[in-house]
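Student:
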Amino acid sequence: MQAWRTSLTPVQMKSPPATAIGAATITARMPKTVHNVFIRLKRLMQSRRPPIETRGCDMALLRENDVLFAYKALNLIPGLPEASRRVAGAILDHFNKKDGQCDPGIERLSRMLGLNRSTVIRATEKLDELGLIEKDSHGGKAHRASYKPNWAYFRAIVEDFQLDGGPDCRARTGRRDRHHGVSDQSRCHERLPQA
Numbered sequence: 001m002q003a004w005r006t007s008l009t010p011v012q013m014k015s016p017p018a019t020a021i022g023a024a025t026i027t028a029r030m031p032k033t034v035h036n037v038f039i040r041l042k043r044l045m046q047s048r049r050p051p052i053e054t055r056g057c058d059m060a061l062l063r064e065n066d067v068l069f070a071y072k073a074l075n076l077i078p079g080l081p082e083a084s085r086r087v088a089g090a091i092l093d094h095f096n097k098k099d100g101q102c103d104p105g106i107e108r109l110s111r112m113l114g115l116n117r118s119t120v121i122r123a124t125e126k127l128d129e130l131g132l133i134e135k136d137s138h139g140g141k142a143h144r145a146s147y148k149p150n151w152a153y154f155r156a157i158v159e160d161f162q163l164d165g166g167p168d169c170r171a172r173t174g175r176r177d178r179h180h181g182v183s184d185q186s187r188c189h190e191r192l193p194q195a
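Shown next as structure tokens:
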């Protein structure tokens, strides 16, 4: 058995017939890396949980830099109250990229941000009203709500900003237009929702 184990690399290794050696003995004699892979596959096969793609979350809609774009979009939206901006950032921070779950409790958000409970509730309602985050109050564990960030909307805000001015718009922030006395930045966000 020793010659069989050392003559092949872990990728080329094939298990001996199950009649000669029991399945428990096979895993005990395998190299550590092959053993770990075998255990993971065994757990995966025994798992009754469906793969991520079929669990009802819209993970296919989540792109590589969407979380970063969401944070950027939160800073670009004019008129968004500071409490709503902070609550949205905390909700995005709680988003689990592996399974799409995002359900921090109101109490946790309140403690984390140092805001009053009612302020957090108003902020989540405002975010839901603006379409930035979809709030689903389902009861569940400790009566938490489930939040679903609107990734497409966050991407649209950032793309709109880049199309309307991008870095040049940021450079002009605060400069007044000579003729009308309006900030140049206001033109960059004409199509964004006003709070």
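So that you can map any letter, position 6 of the sequence shown is 6 in UniProt numbering, and since no number is skipped, the others follow by simple counting.
Beta carbons are placed, not taken as given, at the ideal position from N, Cα and C, and that holds for glycine.
Going by C-alpha to C-alpha distance, which of Ser84, Asp160, Asn75 sits closest to Asp128?
Tutor: The candidate whose alpha carbon is nearest that of Asp128 is Ser84.
Student: Taking the beta strand (DSSP E) that Glu134 belongs to, which residues open and close that run?
Tutor: Counting along the chain, the beta strand (DSSP E) containing Glu134 begins and ends at 133 to 137.
Student: In terms of residue numbering, what span does the beta strand (DSSP E) encompassing Lys148 cover?
Tutor: It spans 145 to 149 - the beta strand (DSSP E) in which Lys148 sits, taken as one unbroken run.
Student: From this set, Asn65, Glu134, Arg155, Ala156, which residue's C-alpha is nearest Ser146's C-alpha?
Tutor: If we check each option's Cα against that of Ser146, Glu134 comes out closest.
Student: So which of Arg144, Asn75, Arg117, Trp151 has the shortest CA-CA distance to Asn65?
Tutor: If we check each option's Cα against that of Asn65, Trp151 comes out closest.
Student: For Asp103, which option in Phe154, Ala88, Glu82 has the closest C-alpha, if you only look at C-alpha atoms?
Tutor: Ranking the options by Cα distance to Asp103, first place goes to Ala88.
Student: When you compare each of Arg108, Leu62, Glu82, Leu74 to Gly100 by their alpha carbons, which one comes out closest?
Tutor: Ranking Arg108, Leu62, Glu82, Leu74 by Cα distance to Gly100 puts Leu62 first.
Student: From the DSSP output, in three-state form, read off Leu80 for me.
Tutor: Coil.
Student: May I ask you to report which of helix, strand or coil DSSP gives Arg85?
Tutor: The answer is helix: DSSP assigns Arg85 an H, G or I state.
Student: Please report the residue range of the alpha helix (DSSP H) in which Glu107 lies.
Tutor: Where Glu107 is concerned, the enclosing alpha helix (DSSP H) stretches over 106 to 113.
Student: Can you tell which of Ile157, Glu82, Val67, Ile121 has its C-alpha closest to the C-alpha of Leu92?
Tutor: The candidate whose alpha carbon is nearest that of Leu92 is Val67.
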